[in-house]
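Written below as structure tokens is the structure these notes are about.
In the numbering used here, the protein residues as written are 3 to 138.
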């Protein structure tokens, strides 16, 4: 069997509030106000997991100036650095924080450069995708 991580994501108006609902399968949603980064952790189980369990929806208010990030695990798991360790969620959150105030196209360039520098000569292990959007 294949374990798959995926985000289920919905944006809308609920009771006249701008909110987004997030449910992740072994993947997190990251949110930044431009100063700090919050990691909203998804379920610890993959889609298709045969064990019984629930996925929970996390409702996140959409506030002006906030930026949201969804990433495949390929970015976090990419080997690199001096010891060939994965990029990791802490380094990922630090990278988001370092560039949170930049326009999204500049962030994308910075993320590519940061990962390339970290990766060095290590081969790419998996697909790498980041989806980001800013609520204004």
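Yeah, the Cβ is synthetic: ideal placement off N, Cα and C, and Gly gets one too.
Note that the structure is predicted; figures quoted are calculated from it, not measured.
Below 8 Å, how does it come out for the region 120 to 133 and the region 72 to 84: are there three or more Cβ pairs, yes or no?
They touch, by the three-pair rule.
Do the CB positions of residue 44 and residue 30 come within less than 8 Å of each other?
In this structure, residue 44 lies near residue 30, with their beta-carbon atoms less than 8 Å apart.
Note down the Cα distance separating residue 95 from residue 70, rounded to an integer number of angstroms.
Taking the straight line from one Cα to the other gives about 12 Å.
Roughly how many angstroms separate the alpha carbons of residue 39 and residue 112, rounded to a whole number?
Those two C-alpha atoms are separated by around 17 Å.
For residue 102, count the other beta carbons within 10 Å of its own beta carbon; 16 or more makes it buried, fewer makes it exposed. Which is it?
Burial call: buried.
Considering just the uninterrupted stretch of the alpha helix (DSSP H) at residue 99, what are its terminal residues?
Note, residue 99: alpha helix (DSSP H), 91 to 101.
Which of the three DSSP states is assigned to residue 106 in this structure?
Here DSSP, grouped into helix, strand and coil, assigns residue 106 to helix.
Verify whether the separation of the beta carbon atoms of residue 124 and residue 86 is less than 8 Å.
In this structure, residue 124 lies near residue 86, with their beta-carbon atoms less than 8 Å apart.
DSSP state of residue 133 mapped onto helix, strand, coil:
Correct three-state label for residue 133: strand.
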